[in-house]
Amino acid sequence: MATTNENIDLPDNDEDEQPEVYDELAERVIENFRIARAYRANTLVLGKSVEEWLSRLHNAYHKIHELEELAERPNMKSYFGLIPIKVNAVASYMRSKYININSPPFNLNPTPIVELPKNKQEKGLEKVKAQLLNRMIENELPSEALIGPDGFLIPTVAKFVEQQSKQMKAELRAEEMHIAVEATKKMVTLIKDQLLDANFSNAMSEGLLDVGLQPVMVLGYENEAVVDQVWKGNKYVDEITVRPTFRRIDPLNAYFAPDSTNAQDGSFFIEVAKRSKAQLAGFIGNEELGYFDEILESIIEDGDNNWLGVAVDNVDIFAGALQEDEVHILRCQMLVSGADLIEYGVNIKESDKHKHFNADIEVCNNLVIRCNIVAHPKGKRTYFSASYKRIPGMPYGVSVAMMIYDRQQIINRTQYSMLLNSEFSAGPMLEINAMQFDNPQDVSIKPFTRVFSNPMQDNANGRGITQHQINPTFNPLFQFLTNQIRLADDECGLPSFLNGNAGLAGAGKTLGGLAMMTDNAVLGLEDCAFNIDEYFIRPAISLMYARNLLGKDDDVKADAKVVATGLLGLKAELDKAKQLAGLVPQASQIAQQGGIPPQMFADIVNEYFKTQGVDVDKYAQDGVMDINANPMTSPTEGIVDRRSLG
């Protein structure tokens, strides 16, 4: 490991000078961390720094007022959570499109000109040869004209078959394509199984909440080392198991290089992580994990000691408090020269020392505790990021919560004024002239009681009690508040009916109108789905696909391209809902005239409800929904377009 020794000043009572260890690669990582922190603190999005957004949006989602709001409005406790409502709606909607165990949001398509492994190419050629021989036999050529006494093809026939087979390129290509299609089907099945084991659903579910709330969503894919208890020798023993897994990285702990546009590019990406001493102890002696045992032992003994220097008043500013047995870790992925990696014990050929590799580095207490080449077959990073709305040239984007944050503040201030006014105007306010009473503190007004002032005071002619009435302003303030909510809907492009508010009017009460409004409302969600497809699904599945190509299972190997289908699935469902919305009124009219059986109409309505996310099975009896097509007695009044029924 590349280190240098420098002498440091010690107290006079120490006889021996202790060397300070300087780790060059660790210092590079720490310097990158300083650069990334400054970039995040100084980069403005919608008028606020990214650092400020991370804190404010966390508070807004959990209904925590900012200190400046409380300073100006004492005792403000209520919080109208418009941001949680919108963010939860976005997360729920996107989860329904991306988290499906049976149908993950991706597919594999063979390339137009298939490149198969050599053994599969030979397999395809053999099939073409067999087809050619069958044709010759079908043309009633005698077997003795094809096969010699030794049981093999006559050389002239074999040569002819070989020449003809090579000329049958079209059939060979078709056969190769068939093999590639079968291989990609098996590859898709394999990746689906791996996604289940790799915690994809949980990580994606948590990440989708960040998409709606924070400036960026960050997910990582790594070979996680976990301690499992395995049954051996008639007892349980601890055993470290390395398994690939997806995990959500809190945006508060994610740091991008200033020249990056997402986690996959730029000079570096850094994650602030935490390790427990027990976890570090489990890494000692496991060479395959790549940790340096001596450094781990010193960290376990010395602890963290606030080596990053970012604790404020003994409170950890990163996501989650640092426990007593935990230490901070900087995890950095960046390009490092082969020569530097060789010094840290990475197995690289001497001829590659001038090349640069994407390295996965962990630093603690200013020392590198692990250094490996990133576990990506194509040498790319294993971190992925996406935003609800992208800002060109930046890793940070704009979330739904950021769009309506200022409006949320106005709503809360208005609500505070409403509640304050409703309290003050609920009853009379009394002004008591203390000079008129011997004991003014005892004066109180109750129904059907009298209060007597003291006539012996000098200013006895003044009024002892004056009643004041506060004008109620709740109604105009409430109208102002509802207008602000509507403006917030317009700003983020997600109208209230998407999160359950049924305040629809006019054409919005018809199925066709509702379908049109929904289609327009989810344009922002479509943009979000594209970002997730492009910057997470496609590169993440490509990583898993590339890893499988390096495996031992040849049945799944073929040249194919990863196609992310989250956006395609979203648009397909919207189109289906739109078509069904127009079909339901027509089918109702035809059903009334006896043109179609009632169950057919029920199935159509059933499918429409499914596209809207309604759990129809919950209301069905024996798998059948009882739906009346008569508009006068229809249980779906307010949903069916009654004008189309005559």
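Mind the numbering: the sequence shown is residues 917 to 1562 in my numbering, read in order. All C-beta atoms, glycine included, are put in the ideal place defined by N, C-alpha and C. Computed from a predicted structure; not experimentally measured.
Cα-Cα separation between Y1312 and H1384, rounded to whole angstroms | If you take the alpha carbons of Y1312 and H1384, they lie about 54 Å apart.
Beta bridge counterpart(s) of P1026 as assigned by DSSP | A1476.
Name the DSSP beta bridge partners of S1315, please?
-> Per DSSP, none; premise fails for S1315.
Are G1128 and R1164 close, meaning C-beta to C-beta below 8 Å?
-> Against a cut-off of 8 Å, the Cβ pair of R1164 and G1128 comes out as no contact.
Can you list the alpha helix (DSSP H) stretches of 4 or more residues lying completely in the stretch 1222 to 1296, in chain order?
-> Taking only runs of at least 4 residues, the alpha helix (DSSP H) segments lying wholly in the stretch 1222 to 1296 are 1254 to 1259.
Within 10 angstroms of the Cβ of D1175, are there 16 or more other Cβ atoms? Answer buried if so, exposed if not.
-> Of the residues assessed, D1175 falls on the exposed side of the cut-off, its CB having fewer than 16 other CB atoms within 10 angstroms.
Between I1348 and Q1130, what straight-line distance do the alpha-carbon atoms span, to the nearest angstrom?
-> Their Cα atoms are separated by approximately 53 Å.
Contact check, L1246 vs V1153 under 8 Å by CB: the rounded distance?
-> Actually they do not touch by this definition, with Cβ atoms about 32 Å apart.
Do you know how far the Cα of A1302 is from the Cα of A1173?
-> C-alpha separation (whole angstroms): 15 Å.
Compare the beta carbon distance of C1280 and G1206 with 8 Å and say whether it is the shorter of the two.
-> No. Outside cutoff.
Endpoints, beta strand (DSSP E) assigned at A952 = Counting along the chain, A952 falls outside any beta strand (DSSP E), though it belongs to the alpha helix (DSSP H) covering E940 to N958.
Does the beta-carbon of H1244 have 16 or more other beta-carbons within 10 angstroms, so that it is buried, or is it exposed?
-> Result: buried.
Give the straight-line distance between the Cα atoms of D1322 and H981, rounded to the nearest whole angstrom.
-> Rounded to whole angstroms, D1322 to H981 spans 13 Å at the Cα level.
Return the Cβ separation of I1307 and V966 in integer angstroms, given the expectation that the two are a contact with Cβ distance under 8 Å.
-> That pair is no contact at about 11 Å.
Between which two residues does the beta strand (DSSP E) harbouring V1188 extend?
-> F1184 to S1192 is the extent of the beta strand (DSSP E) around V1188.
Out of V945, D1220, S1117 and L1465, which has the shortest C-alpha to C-alpha gap to S1019?
-> The residue with the shortest Cα to Cα distance from S1019 is S1117.
For Q1505 and G1511, the rounded distance between their alpha carbons | If I take the Cα positions, the gap works out to 9 Å.
Buried or exposed: which applies to K1002, given that a residue is buried once 16 or more other Cβ atoms fall within 10 Å of its Cβ?
-> When all chains shown are included, K1002 counts as buried.
Measure the alpha-carbon distance for S1253 versus K1271 and round it to whole angstroms.
-> Here the alpha carbons of K1271 and S1253 stand approximately 6 Å from one another.
Residues that L1346 bridges to, as DSSP identifies them | Beta-bridge pairing by DSSP links L1346 to Q1383.
From the DSSP output, in three-state form, read off Q1357 for me.
-> If DSSP states are grouped into helix, strand and coil, Q1357 belongs with the helices.
With 16 as the cutoff for other CB atoms within 10 Å, does E1210 come out buried or exposed?
-> When all chains shown are included, E1210 counts as exposed.
Are F1185 and A1119 close, meaning C-beta to C-beta below 8 Å?
-> Not closer than 8 Å, so no.
If we ignore side chains and look at the alpha-carbon of each, how far apart do L1459 and L1283 end up?
-> Rounded to the nearest angstrom, the two C-alpha atoms are 30 Å apart.
Since S1301 is in the beta strand (DSSP E), which residue starts that stretch and which ends it?
-> From DSSP, the beta strand (DSSP E) with S1301 extends over Y1299 to A1302.
Assuming Y1171 and F949 form a contact by the criterion Cβ under 8 Å, report the distance between their Cβ atoms to the nearest whole angstrom.
-> Confirmed, Cβ separation roughly 6 Å.
Count the other CB atoms, across all protein chains shown, that sit within 10 Å of the CB of R1379; report buried if there are 16 or more and exposed otherwise.
-> Only exposed fits R1379, as fewer than 16 other CB atoms lie within 10 angstroms of its CB.
Identity of the residue in D1470, F996 and Y1299 nearest Q1180 by Cα | Comparing Cα positions, the closest option is Y1299.
How many whole angstroms separate the CB atoms of K1100 and A1445, which I take to be in contact at a CB cut-off of 8 Å?
-> A small correction: the amino acid at residue 1100 is Thr; Lys does not occupy that position in the sequence shown. Their Cβ separation, rounded to whole angstroms, is 23 Å, which puts T1100 and A1445 out of contact at 8 Å.
What residues match up with W969 in a beta bridge as DSSP calls it?
-> DSSP lists no bridge partner for W969.
Beta-carbon separation (whole angstroms), A1462 vs Y1137, contact threshold 8 Å = The beta-carbon separation of A1462 and Y1137, rounded to 12 Å, does not stay under the 8 Å limit for a contact.
Spatial neighbours of Y995 within its chain, please: CB distance less than 7 Å, with the 5 preceding and 5 following residues excluded, ordered by chain position.
-> Taking C-beta separations shorter than 7 Å and ignoring five residues to either side along the sequence, the partners of Y995 in its chain run K979, H981 and N1328, following chain order.
Limits of the unbroken beta strand (DSSP E) element including Y1171 = Element bounds for Y1171: A1170 to F1172.
Which listed residue (N1178, L1224, E1259 and S1183) has its alpha carbon closest to that of F1208 = Of N1178, L1224, E1259 and S1183, the residue nearest in Cα terms is E1259.
Quick one: residues in its chain with C-beta nearer than 8 Å to the C-beta of I1335, no 5 flanking neighbours on either side, listed in chain order?
-> Reading the sequence as shown, one finds Leu at residue 1335 and not Ile. Excluding residues within five positions, the ones whose Cβ falls inside 8 Å are S994.
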